[in-house]
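First to last, the protein sequences are chains C and P. This note's numbering puts the first residue of the first sequence at 23, with every later residue one more than the last. This note's numbering puts the first residue of the second sequence at 145, with every later residue one more than the last. This report refers to the structure that appears directly beneath it.
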Amino acid sequence: MLVISCIKQVPDTTQVKIDPVTNTLVREGIPFIVNPYDTHALEEGLNLKDRYGLRSVAISMGPPNTEATLRKACALGVDEAILLSDRAFGGADTLSTSNVLSAAIEKLGAEESVGIVFCGKQTIDGDTAQVGPGIATRLGYTQLTLVDRIEFLDLKRNVIRVRRKLEGRHEIVEAPLPVVITVVRELNRPRYPTVPMRLAAQETEVKVWDNSVLKLDVETVGLKGSPTWVSKIFSPERDKGEIIGDGVGDPEGTANLLIDKLLSKDLLAV
Amino acid sequence: EEAALATMLAAYRGVWVFVEQTEGEPAKVSWELMGVGAQLAKSLGVELCAMVIGENVEHLCHEAFAYGATKAYLLDQKVFHFYRTEPYLDACCYLIAKYKPEIILMGATGMGRDLAGAVATRVKTGLTADCTGLDVDDKRNLRQTRPAFGGNIMATIMCDKFRPQMATVRPHVMQMPEKTGDATGEIIQERFEIDEASILTKVLEIIKDKKAGVDIAGAEFIVSGGRGMMAPENFTMLQELADELGGVVGASRSAVDAGWMPHDRQVGQTGKTVRPKIYIACGISGAIQHLVGMQDSDVVIAINRDKEAPIFQVATYGIVGDLFQIVPALTQCIRELKNQGPGTI
Ligand SMILES: Cc1cc2nc3c(=O)[nH]c(=O)nc-3n(C[C@H](O)[C@@H](O)[C@@H](O)COP(=O)(O)OP(=O)(O)OC[C@H]3O[C@@H](n4cnc5c(N)ncnc54)[C@H](O)[C@@H]3O)c2cc1C
Ligand SMILES: Cc1cc2nc3c(=O)[nH]c(=O)nc-3n(C[C@H](O)[C@H](O)[C@H](O)COP(=O)(O)OP(=O)(O)OC[C@H]3O[C@@H](n4cnc5c(N)ncnc54)[C@H](O)[C@@H]3O)c2cc1C
């Protein structure tokens, strides 16, 4: 049985700049990392491999340089790493991203049954938390988001029981496999690769599947398959260093002035 | 092709808000969405409708009317007692297919994000996450503005060739609308045939969280004090301001080293890294080791009597003055606003 971890490569910072001429994000020179939540998705896949002998696979959709991200997964011990990369996949929103990832999961599932797909709760760049539910819905798997503990996995009955972390409460839920689980940080502590594993990973082959392998309708992937598009991108107003009022001569008035500013920017709420 | 698109778009009318509830208790964000939903409905000249799904939840339709909805689509069945993705997804898609709303808004909560992502995928439409601004352009399309990259950039997102246009909004982002006492509306009671036996996912238990210890790393509002606080008892003043904001008290290392606050409140290089919506630094000079722990906060407010203090270089808003005068004035100001009733703040 397979346990598949979906990992996304993201910029190693949220301090991105906008090119004032082209009005697009400046991505040059920014190092990439595995999306922090996805390191927990990877770890849990490896955990289940260690404890139940499942075969762990990492998949990622992205440009060719995403191979580096998958190599890190190899160094941690995944059995197989697959890069989903094709010009046609570029510019994807969450709907077309889940389409490509689901197609890859289905293809893997045709060879060996899929038990669990792990995703991060969300990414630190797009930040939508929509891809996990997208995959679950497309594949018809049970969707379990925001999981902070796996209570048990019963491979005889093919059920899993998890704890979900919601606002002000937790929920214990049981569901039959296959499932898509999105994970929060509390779930586990990601392991670090040892030096020998890292060296060995240099040799491991990261498979690349393009659309000649997945055979998706090009109208349903990448920019073409995305119902949403970015019409404008801009820096938020951030007028740093603004000194307000006369705090020495008129403390009350200055306090009022500050609260008015916060209210006008929708920064205060009960 | 263009004509076909126009016909499709014209078939969808109305602004819907999903009313989130847990065991009959509504999530406040749903009412916040009624406020922005009403503005959108007005610009479009259509109705604002509530989508209410659950068991014994008819009272939420009336509450939705009080917050501005004029119609409520109600699915009140035992199978919807606990939120589970599958039946809620089926139910939503059923209502959408039947009544064709042009806009659907949901709270960006654990439940809202779980459901919205599933629904948008099933109906093959766009979904914009965590919107902070929503308005309508001259072609009736929804302009959805949202932060990405942890708030460092803003993007305006369109979904002009698909319907419904779906968006989620985080709690506390939209202003709570005024509640009217005598509002009425039309309830459209629906039934969706679904067999409990066919749903294999079971919610076994809901555990309400105990009020946990203070976690400054997860707080949305932090009021921090430094050496300028002078004495441990003065931190009560910061606690009062934090209470009004729904936040917690943090500290610089000097304050912690002095024994005024416990170490788990320390912000900075050897303390915690925080990223609240608002960080208020009181009597903190702004040493680099402190700044690395808080400079990514959405808004930084500095109160310091030394106008040359480096903290002002990272502050969104600075007040030069005596914290012992400014902090109580801020607390007082917020209390007064709250007394003026909900919706003001
Ligand atoms: C400024 C900006 C705003 C955007 N806003 C929206 C929007 O509102 N709606 C929208 O539909 N799209 C939006 N997008 C596009 C969206 O971010 C895509 O890039 C999409 O591919 C992934 O979405 P995400 O990063 O939000 O992932 P999330 O849904 O937050 O990711 C959840 C999990 O899914 C998995 N996952 C996500 N992407 C991949 C991948 N490529 N490979 C493997 N696993 C993956 C990971 O496990 C991840 O932790 C936006 C993009 C930008 C640049
Ligand atoms: C290795 C290392 C790690 C460190 N890690 C951390 C860390 O994690 N966190 C941290 O905070 N520091 C850390 N420090 C210490 C840091 O360098 C500073 O010493 C410390 O942050 C100073 O604290 P402070 O701003 O409260 O005090 P001060 O620098 O003494 O500043 C007090 C400020 O209060 C103002 N003030 C006084 N009275 C009033 C009043 N009535 N009204 C208004 N303003 C008033 C003053 O003008 C002054 O600016 C670290 C240092 C080292 C070397």
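Where is the CB? At the ideal position from N, CA and C, for every residue including glycine.
Check whether chain P comes within 8 Å of residue i, counting only Cβ atoms and requiring the distance to be less than that.
| i | result |
| --- | --- |
| Asn69/C | no |
| Asn180/C | no |
| Leu168/C | yes |
| Phe256/C | yes |
| Asn210/C | no |
| Ser253/C | yes |
| Val292/C | Below a pLDDT of 50, predicted positions are generally treated as unreliable, and Val292/C, at 42, falls in that range; no measurement from the model is reported. |
| Lys61/C | Strictly speaking, residue 61/C in this sequence is Thr, with Lys absent from that position. Taking Cβ atoms only, chain P never reaches closer than 8 Å to Thr61/C, which makes this a no. |
| Thr276/C | yes |
| Gly267/C | yes |
Assign residue i to one of two classes, buried (16 or more other C-beta atoms within 10 Å of its C-beta) or exposed (fewer than that).
| i | result |
| --- | --- |
| Val111/C | Reading off the sequence, residue 111/C comes out as Phe, not Val. By the neighbour-count rule (16 or more Cβ atoms within 10 Å), Phe111/C is buried. |
| Ala155/P | exposed |
| Pro42/C | exposed |
| Val122/C | buried |
| Glu164/P | buried |
| Met292/P | Before going on, a small fix: residue 292/P reads as Ala here, not Met. It counts as buried. |
| Pro53/C | exposed |
| Ile351/P | exposed |
Which of helix, strand or coil does DSSP assign to residue i?
| i | result |
| --- | --- |
| Tyr59/C | helix |
| Met250/P | strand |
| Ala446/P | strand |
| Ile203/C | strand |
| Val228/C | coil |
| Thr488/P | For Thr488/P, the pLDDT reaches just 45, beneath the cut-off of 50, and the residue's location in the model is therefore unreliable, leaving the point undetermined. |
| Ile350/P | strand |
| His206/P | helix |
| Ala375/P | coil |
| Ser135/C | coil |
| Phe405/P | Strictly speaking, residue 405/P in this sequence is Met, with Phe absent from that position. DSSP places Met405/P in coil when its eight states are reduced to three. |
| Met384/P | Note on identity: in this sequence residue 384/P is Glu, with Met being the wrong assignment. DSSP places Glu384/P in helix when its eight states are reduced to three. |
| Met318/P | coil |
Looking at chain C, is there any beta carbon in it that lies within less than 8 Å of the beta carbon of residue i?
| i | result |
| --- | --- |
| Ile489/P | Because Ile489/P sits at a pLDDT of 44, beneath the cut-off of 50, its placement in the model cannot be relied upon, and the point is left open. |
| Leu344/P | yes |
| Asn483/P | no |
| Ala241/P | no |
| Met255/P | yes |
| Asn378/P | no |
| Ala293/P | The question names Ala, but residue 293/P in the sequence shown is Phe. Taking Cβ atoms only, chain C reaches closer than 8 Å to Phe293/P, which makes this a yes. |
Report yes if the C-beta distance between residue i and residue j is below 8 Å; otherwise report no.
| i | j | result |
| --- | --- | --- |
| Gly137/C | Leu221/C | no |
| Val139/C | Tyr163/C | yes |
| Thr300/P | Gln309/P | no |
| Ile127/C | Leu161/C | yes |
| Thr204/C | Cys141/C | yes |
| Leu92/C | Ser78/C | no |
| Gly189/P | Glu246/P | no |
| Met195/P | Phe224/P | no |
| Val173/P | Pro315/P | yes |
| Met373/P | Cys426/P | yes |
| Val411/P | His434/P | yes |
| Leu219/P | Ala241/P | no |
Could you tell me which of the options sits nearest to residue i, measuring between CA atoms?
| i | options | result |
| --- | --- | --- |
| Leu192/P | Pro231/P, Ala311/P, Met178/P, Ile301/P | Met178/P |
| Val153/C | Asp34/C, Ile29/C, Asp282/C | Ile29/C |
| Ile104/C | Tyr163/C, Glu208/C, Val56/C, Thr88/C | Thr88/C |
| Gly190/C | Gly362/P, Thr328/P, Asp326/P | Gly362/P |
| Lys229/C | Gly244/C, Leu284/C, Asp108/C, Val25/C | Asp108/C |
| Met438/P | Ala327/P, Arg409/P, Leu233/P | Arg409/P |
| Glu349/P | Thr150/C, Thr250/C, Val184/C, Lys287/C | Val184/C |
| Asn285/P | Leu153/P, Arg479/P, Ser441/P, Ile445/P | Leu153/P |
| Glu377/P | Ile366/P, Ala399/P, Thr460/P | Ala399/P |
| Ser27/C | Ala114/C, Ala197/C, Lys143/C | Lys143/C |
| Leu168/C | Lys283/P, Arg479/P, Thr272/P, Leu259/P | Leu259/P |
| Lys323/P | Ile360/P, Lys242/P, Phe209/P | Phe209/P |
| Ala277/C | Lys287/C, Ile266/C, Ser286/C | Ile266/C |
| Arg503/P | Asp282/P, Cys205/P, Ala386/P | Residue numbering for chain P in the displayed model covers 145 to 489; residue 503/P lies beyond these limits and cannot be assessed. |
| Gly51/C | Glu65/C, Leu64/C, Asp34/C | Asp34/C |
| Tyr238/P | Ile360/P, Ser396/P, Ile338/P | Ile338/P |
| Glu193/C | Asn210/C, Asp170/C, Asn180/C | Asp170/C |
| Glu268/C | Ala264/P, Lys482/P, Thr166/P, Gln469/P | A quick correction: the sequence has Asp, not Glu, at residue 268/C. Measuring from the Cα of Asp268/C, the nearest candidate turns out to be Gln469/P. |
| Leu289/C | Arg266/P, Asn296/P, Glu169/P, Phe365/P | Phe365/P |
Just to check, is the beta-carbon of residue i closer than 7 Å to a non-hydrogen atom of ligand 4?
| i | result |
| --- | --- |
| Arg290/P | Ligands in the displayed structure: ligand 1 and ligand 2; ligand 4 is not one of them. |
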